[in-house]
Amino acid sequence: MRSIQKVLTPFKLIAMAKFGGSQLFLCVLALVAATAAADLPGFVERIGMTFQTEGSTFLFNGFNAHWLMGDAASPHSNGSKVTALFEEAAAAGLTVCRTWAFYDGFSNDSLQVTPGVYHEQVFKGLDFVISEARKNGLRVILSLVNNYNDYGGRAQYVDWARRAGLVVPSVDDFYTHDTIKGYFKKHIEYILNRMNTFTKMAYKNDPSIMAWELINEPHCESDPSGKIFTAWVQEMATFLKTIDNNHLLGVGLEGFYGSSTPDKVKLNNPNAVQIGVDFIKVHKVIEIDYATVHAYPDFWLKGQSEDKKTEFVKQWLWNHWKDSVEMLRKPLMLGGFGKTKKDPGYSEHIRNDFYSTVYDSIYRISKNGHKTFTGGLMWQLFVEGMESQDDGFEIILSQDANATALILNQSKRMGELAGSGTCTCTCTCTVA
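Residues 36 to 467 (my numbering) make up the sequence shown, in order.
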């Protein structure tokens with residue numbers, strides 16, 4: 036394991052200085068470059084209900100940054116923002132980044148223009164992202180398609196089929212139509228077998244990739260039972276593992292319960308009872324290595340008080356961890372969480388309290404639950420000069436001392452916890 040602690044000592048300067056001066060920040064980044072040029076790490080593996088690498092427990096603090104491939108492929112940027120982001124992230128002890136390995140459609144910025152046809156320049160952008168992550172001691176989780184129309188998503192696959200003359204009534208046919216499933220399998224195969232032009236290593240053989248994720252926040256409203264989506268996960272997971280059995284595989288769920296546990300449906304947010312996914316049923320697919328949950332109370336509990344949102348998130352994380360270890364016997368990851376500036380009543384104080392709640396929950400559960408809650412990925416990190424892409428959730432580390440201190444502290448204690456011993460966790464985990 037590349038321990039988080041390897042980069043923490045020099046970065047205590049960041050917390051002390053609170054990014055008070057750009058010169059200090061640049062000096063610290065120089066230390067990062069020297070410290071994070073680590074040897075090629077081993078693959079992250081699932082051992083029992085924990086993650087391990089090279090015989091050591093793997094816990095992490097991480098982030099989302101969906102925009103990386105596009106920036107790396109842009110002739111206006113040439114990846115400068117990618118490099119800056121990974122350097123800043125490493126300085127804050129962050130070790131995992133979740134990002135998109137998709138952009139489907141007819142745009143010049145797209146990765147996959149038509150089924151199986153790719154823009155090489157954009158693919159080189161993804162190559163660069165993986166290479167830069169490795170240089171800075173980070174691992175990436177690559178998501179393979181979007182549920183939403185942003186960056187193409189399921190709807191683009193359906194549109195391709197319709198343009199080919201096929202009758203496809205619904206976007207949810209993405210999960211059942213043989214031709215469309217074939218399109219997606221080709222994408223999986225192409226991505227996994229891609230030879231990185233920077234590292235000269237096939238993606239499927241690169242331990243800098245921590246995990247594959249089948250789909251970002253899937254829904255299938257046409258089948259509230261969740262059976263259609265679960266069958267799709269089984270088919271795609273089996274296919275992917277025949278090509279690549281080196282990497283972890285996740286699904287990308289938000290965590291909504293379904294028909295297999297009717298007593299738990301009440302735990303969902305009010306808008307997610309019938310979206311056609313089932314947290315328990317889907318994660319019982321053997322080929323899926325870990326469970327995922329997301330937490331966006333500003334979207335899910337609109338109009339409710341901050342106290343109610345906070346209590347919801349604490350219970351949401353606790354219940355999903357408990358079910359992951361007791362019913363699924365798999366580790367849990369918080370794949371995305373955040374607080375939006377666009378929510379009425381937002382303040383940095385409220386955001387920081389939310390982050391503290393999430394980070395404290397992850398740490399406490401992991402510490403007392405045999406390290407089976409593996410880490411969390413905040414949404415999302417930007418760097419300076421990205422104001423035009425503002426989505427309301429972004430944090431720029433070099434401009435936000437308080438958020439940086441919270442993130443750095445979580446990185447430090449998760450790193451220390453990971454180094455406190457290895458547990459294969461065949462026991463029943465409880466949190467006092």
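All C-beta atoms in this analysis are idealised placements derived from N, C-alpha and C, irrespective of residue type, glycine included.
Would residue i be called buried (16 or more neighbouring beta carbons within 10 Å of its own) or exposed?
i           : result
residue 61  : Bear in mind that a pLDDT of 41 at residue 61, under 50, signals an unreliable position, so the number given afterwards is only what the model happens to contain. With fewer than 16 Cβ atoms within 10 Å of its Cβ, residue 61 is classed as exposed.
residue 273 : exposed
residue 386 : buried
residue 337 : exposed
residue 236 : buried
residue 199 : exposed
residue 64  : Residue confidence for residue 64 is low, a pLDDT of 48 falling below 50, so the modelled location carries little weight and cannot support an answer.
residue 222 : buried
residue 185 : exposed
residue 197 : exposed
residue 368 : buried
residue 301 : exposed
residue 277 : exposed
residue 182 : buried
residue 252 : buried
residue 403 : exposed
residue 217 : exposed
residue 111 : exposed
residue 374 : buried
residue 303 : buried
residue 213 : exposed
Measuring alpha carbon to alpha carbon, tell me which of the options ends up nearest residue i.
i           : options               : result
residue 320 : 268, 294 and 334      : 268
residue 309 : 255, 348, 276 and 342 : 255
residue 226 : 409, 155, 375 and 195 : 155
residue 380 : 247, 167 and 333      : 333
residue 173 : 365, 76, 325 and 417  : 76
residue 158 : 372, 328, 105 and 279 : 105
residue 410 : 416, 417 and 401      : 401
residue 220 : 249, 231 and 232      : 249
residue 397 : 437, 349, 242 and 421 : 349
residue 335 : 243, 114 and 372      : 372
residue 384 : 403, 343 and 438      : 438
residue 229 : 151, 122 and 347      : 151
residue 101 : 443, 450 and 418      : 418
residue 142 : 191, 296 and 357      : 191
residue 399 : 205, 98, 293 and 445  : 445
residue 416 : 210, 311, 329 and 127 : 127
residue 167 : 376, 364 and 113      : 113
residue 180 : 326, 139, 202 and 442 : 139
residue 288 : 298, 355 and 341      : 355
Any idea which residues DSSP pairs residue i with across the strands?
i           : result
residue 314 : Answer is none; residue 314 lacks a bridge partner.
residue 368 : 327
residue 413 : 98 and 372
residue 124 : Answer by DSSP bridge pairing: none, since residue 124 is not bridged.
residue 408 : 367
residue 139 : 147
residue 431 : 417
residue 285 : 248
residue 271 : Residue 271 is not bridged to any residue.
residue 230 : 237
In three-state DSSP terms, what is residue i?
i           : result
residue 331 : coil
residue 402 : helix
residue 153 : strand
residue 240 : helix
residue 437 : helix
residue 280 : coil
residue 449 : helix
residue 245 : strand
residue 131 : strand
residue 444 : helix
residue 454 : coil
residue 222 : helix
residue 321 : coil
residue 355 : helix
residue 291 : coil
residue 384 : helix
residue 259 : coil
residue 266 : helix
residue 337 : coil
Under 7 angstroms: does the beta carbon of residue i sit that close to some heavy atom of the ligand PLP?
i           : result
residue 129 : Although the ligand PLP was asked about, the structure shown includes no ligands whatsoever.
Determine, using beta carbons only, whether residue i comes closer than 8 angstroms to chain C.
i           : result
residue 101 : Among the chains of the structure shown, chain C does not appear; only one protein chain is present.
Minimum length 3: unbroken beta strand (DSSP E) runs contained in the stretch 68 to 119: The beta strand (DSSP E) runs of length 3 or more contained entirely in the stretch 68 to 119 are, from start to end of the chain, 80 to 82, 85 to 88 and 95 to 99.
In chain order, each beta strand (DSSP E) run of at least 3 residues that lies wholly inside the stretch 146 to 199: Here the runs fully enclosed are 147 to 149 and 174 to 178.
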